[in-house]
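In the numbering used here, the protein residues as written are 62 to 108. Even glycine gets a Cβ: it sits at the ideal position worked out from N, Cα and C. Here the structure is a predicted model, which is why all the values come from computation and not from measurement.
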């Protein structure tokens, strides 16, 4: 569970950096990235 939280936090931080560098990144991109990150984490756990 902690791994998932760290993954979400890392995703949020990286998207924040992207938003700073490339203004106009939409919130739905953030949601998609969180879902993708969660799916990746889950696939690693169930591997």
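Short of 7 Å from the beta carbon of residue 74, and not among the five residues preceding or following it, lies no beta carbon of its own chain.
When secondary structure is reduced to three states using DSSP, residue 95 falls in the helix class.
With a contact defined as Cβ atoms closer than 8 Å, residue 67 and residue 99 miss out at about 12 Å.
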